[in-house]
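Residue numbers (the UniProt record's numbering): 1 to 134.
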């Protein structure tokens, strides 16, 4: 079934960036995958750039003593141009907890993802576009 498979993909991606597994986070994208977010000055494209981004994100949290959690909900999947392409829309909440402090909602965003099924049969993100609610 497709929905549980995609839920696992989103969960694996969130868990990877939150735990410092930068390579694991980047592996949820295609080799030429793109990450576009207005929170950052430029898009990140390709595995090396995605790994570097995820590592920098995690290290910022270590420096400030803050644990982040990416919580993806309301995943809505639409057919893409063929059986190996999908478009997904979802909400992403980023929750930060400073060491010894209270958790707070940092940001609520909307994700628009182009997904591609690879030759191995697994789905990966080809393009992620983040829209901030603020």
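All C-beta atoms in this analysis are idealised placements derived from N, C-alpha and C, irrespective of residue type, glycine included.
Under DSSP, residue 105 takes part in a beta bridge, and its partners are 95. Residues of the same chain with a CB within less than 8 Å of the CB of residue 65, apart from the 5 flanking positions on each side, are 98, 99 in chain order. Taking each of 55, 39, 71, 15 in turn and checking the Cα distance to residue 105, the smallest one comes out for 71.
Here the region 17 to 25 lies against the region 51 to 59, with 3 or more beta-carbon pairs under 8 Å apart. DSSP places residue 47 inside the alpha helix (DSSP H), whose first and last residues are 47 to 64. Annotation for residue 12: 24, 28 place their beta carbon closer than 8 Å to its own, counting only its chain and skipping 5 residues before and after. Between residue 111 and residue 90 the beta-carbon gap is near 5 Å, inside 8 Å, which marks them as a contact. Closest by C-alpha distance to residue 74, out of 81, 88, 40, 80, is 88.
CA-to-CA, the gap between residue 19 and residue 81 works out to about 34 Å. The DSSP-derived three-state label of residue 79 is strand. Judged by DSSP secondary structure, residue 42 falls outside any alpha helix (DSSP H); it is assigned neither H nor E.
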